[in-house]
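Student:
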Amino acid sequence: MSEREESSSAMVGALMLVVGGLIGAGVALLYAPQSGDKTRKDVARMAKKARRKTQNAMDAVEDFTEQVTDMAEAVGERASEILDKGKDMAYSAKKGLLKAIQDGEHRLERERSRLSKMIG
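Counting from 1, position 41 in the sequence shown corresponds to residue 41 in UniProt numbering; the numbering is continuous, with no gaps.
(1) Mapping the DSSP letters down to three states, classify Ser35 as helix, strand or coil.
(2) Is the beta carbon of Met11 less than 8 Å from the beta carbon of Met71?
(3) Using 8 Å as the cut-off, can you tell me whether the stretch 35-47 makes contact with the stretch 84-96, which would need three or more C-beta pairs spanning the two stretches below that distance?
(4) Taking the alpha carbon of Ala60 as the point to measure from, which residue in Ala28, His106, Ser8 has its own alpha carbon closest?
(5) Mind the definition here: the stretch 49-58 touches the stretch 13-25 only if three or more C-beta pairs lie below 8 Å; say whether that holds.
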């Protein structure tokens with residue numbers, strides 16, 4: 001599951017939780033034994049409170065999503081740097097290996113010449 005899908009899923013879950021709480025509270029208020037005017041005021045107050053909590057939850061989810069996105073970008077940049085360093089190291093190692101092979105070939109040739117002179 002991608003990061004966007006996970007954050008979207010978390011936001012939908014939080015929103016569903018808040019909406020469910022609102023519906024439950026509304027039903028409870030409607031069946032409470034009090035006047036209609038008081039019930040309407042209570043519903044309006046609870047709706048404002050729920051709206052504020054929903055907004056806070058959505059802000060928190062957005063902040064979390066931004067943090068995860070920033071972290072993922074930082075990890076991607078770091079991975080790119082490490083890959084570049086690895087490529088440089090591989091190139092240096094390759095150059096070193098080629099130089100060692102060439103040095104070995106030169107030494108082998110010198111020894112071959114020396115042995116040829118000794119043998120005759």
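Each residue gets a CB set at the ideal place from its N, CA and C atoms; glycine is no exception.
Tutor: According to the data block:
(1) coil
(2) no
(3) no
(4) Ser8
(5) yes
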